[in-house]
Amino acid sequence: MSTVTHTSGQKRPDVAPPGRPTGRRAEAAGSGIGGRIFNGFSHLFLAVWAIMVIYPLLWVVMSALKTDSEVIREPLSLFPKSLQWDNFARAWTAGIDSFFLDTLLVLVFSVTLTMLLGSMAAYALARYEFRGNRLIYWMFLSGLTLPVYLAAVPLFKGVYNMNVVFPLLGPNKHLTLILVYVAWSLSFTVFFMHSFFRTLPHSIAEAAMVDGASHTRAFFSVMLPMAKPGLISIGIFNVLGQWNQWYLPTLLMQPVAGEPKNQVIAQGLIELSVNQGYKSDWSGLFAGVTMAMLPVLIVYVVFQRQVQSGLTAGVGK
């Protein structure tokens, strides 16, 4: 603190004017004002972002409860004059039920195989050092850089040629879509689980093998339960990505003469909108979109905490 010398020879502290803080108090006051301004802008941005995300979802759900005339005359209004619950029954009987069953059949096997193969490959690459380890890891990562549209033509021709050799594979086959989904989702699954397995203490697996457990038993009984938060997180990402996939089913699930048509939910909704023609059943279409959207929202809301813990577990450790 500076001092001022008077004519009497005594020194007294230089007192700042009242109402004007000095030193650390001034810095704290400045940072406090800046922090409040930053928090205000942050909350304003988050509020605008929440409105941009919630309003379209709410608009779709409320449009599913309107009549066709209300959808056309007042498209942006949220509140219908009366709730039309029969829209959901009409959309369900129009083919949504079969779309749901086909989608669930594909996702049960594709997500399970993706999680199993992806976690096993990621654990081996993260746990064991061997020649070619990094090469294999970078080959998995290279799959993230390849857009699926570039592989459309060879994939389409390969699927049609495969039907000649393997009758269970080919166009309009569930097994074909399951295998393609697994190959499409495996790169990100290996990348995510590889980073997660590297954060886990491998001494526990080594202790289990000292007690007589094999590598397979140590993986399934020790390491895999420890990786539960990461498995839940990447599993939800795979469910969301494969549930909303439209391009691959449209490319591979082509109708074949003499066979029943197999379509997933995203593909079926597009066909419903096209097949309406001049009937314009907009309320039924919105009801179908709502039913396709609700399972995804329910899964995310139920497992929200697990997703957050899985994404932050690597940082915390």
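Number 119 in the working numbering belongs to position 118 of the sequence shown; there are no gaps in the numbering.
C-beta: ideal position from N, C-alpha, C; glycine also.
All values reported here derive from a predicted model rather than from experimental measurement.
So is residue i in contact with chain B if we call contact Cβ pairs under 7 Å?
{"i": "VAL154", "result": "No chain B is present in this structure, which holds just one protein chain."}
What residues in its chain sit with their C-beta under 7 Å from that of residue i, if we drop five residues either side in the sequence?
{"i": "PHE304", "result": "ILE233 and ILE237"}
{"i": "ARG128", "result": "PHE198 and HIS203"}
{"i": "ALA206", "result": "ALA219, VAL223 and MET224"}
{"i": "GLU71", "result": "PRO81 and LYS82"}
{"i": "PHE101", "result": "ILE266"}
According to DSSP, is residue i part of a helix, a strand, or is it coil?
{"i": "PRO155", "result": "helix"}
{"i": "THR357", "result": "The chain is shown only over 2 to 318; residue 357 falls outside these bounds and no answer can be derived."}
{"i": "LEU201", "result": "coil"}
{"i": "VAL166", "result": "helix"}
{"i": "ASN40", "result": "helix"}
{"i": "GLY213", "result": "coil"}
{"i": "TRP185", "result": "helix"}
{"i": "VAL257", "result": "coil"}
{"i": "PHE192", "result": "helix"}
{"i": "GLU75", "result": "coil"}
{"i": "PHE89", "result": "helix"}
{"i": "GLY171", "result": "coil"}
{"i": "PRO81", "result": "coil"}
{"i": "PHE131", "result": "coil"}
{"i": "PRO57", "result": "helix"}
{"i": "VAL62", "result": "helix"}
{"i": "GLN268", "result": "helix"}
Residue range of the alpha helix (DSSP H) that residue i falls in?
{"i": "TRP93", "result": "Where TRP93 is concerned, there is no enclosing alpha helix (DSSP H), given that its DSSP letter is neither H nor E."}
{"i": "PHE238", "result": "229-244"}
{"i": "ILE119", "result": "Reading off the sequence shown, one finds Gly at residue 119, where the question assumed Ile. Its alpha helix (DSSP H) spans residues 98-128."}
{"i": "ASN134", "result": "134-143"}
{"i": "PHE287", "result": "283-303"}
{"i": "LEU252", "result": "248-253"}
Go through its chain and collect everything with a Cβ distance to residue i's Cβ below 6 Å, but skip five positions before and after it.
{"i": "THR190", "result": "THR115, GLY119 and ILE235"}
{"i": "LEU108", "result": "GLN243"}
{"i": "PHE193", "result": "ILE235"}
{"i": "MET63", "result": "LEU79"}
{"i": "ALA92", "result": "GLY285, ALA288 and GLY289"}
{"i": "SER215", "result": "none"}
Quick check on residue i: buried or exposed, where buried means 16 or more other Cβ atoms within 10 Å of its Cβ?
{"i": "ASP212", "result": "exposed"}
{"i": "TRP86", "result": "exposed"}
{"i": "ILE97", "result": "buried"}
{"i": "HIS44", "result": "exposed"}
{"i": "VAL49", "result": "exposed"}
{"i": "THR94", "result": "exposed"}
{"i": "GLY41", "result": "exposed"}
{"i": "GLY171", "result": "buried"}
{"i": "ARG306", "result": "exposed"}
{"i": "THR217", "result": "exposed"}
{"i": "ASN245", "result": "exposed"}
{"i": "SER143", "result": "exposed"}
{"i": "SER196", "result": "exposed"}
Ordered along the chain, which non-local residues of its own chain (more than five positions away) have a Cβ less than 8 Å from that of residue i?
{"i": "LEU178", "result": "VAL107, SER111, LEU249, PRO250, LEU253, MET254 and VAL265"}
{"i": "PHE89", "result": "ALA65, ALA288, THR291 and MET292"}
When every heavy atom of the ligand PLP is checked, does at least one fall within less than 6 Å of the C-beta of residue i?
{"i": "MET116", "result": "With respect to small molecules bound, the structure shown includes none, and the ligand PLP cannot be examined in it."}
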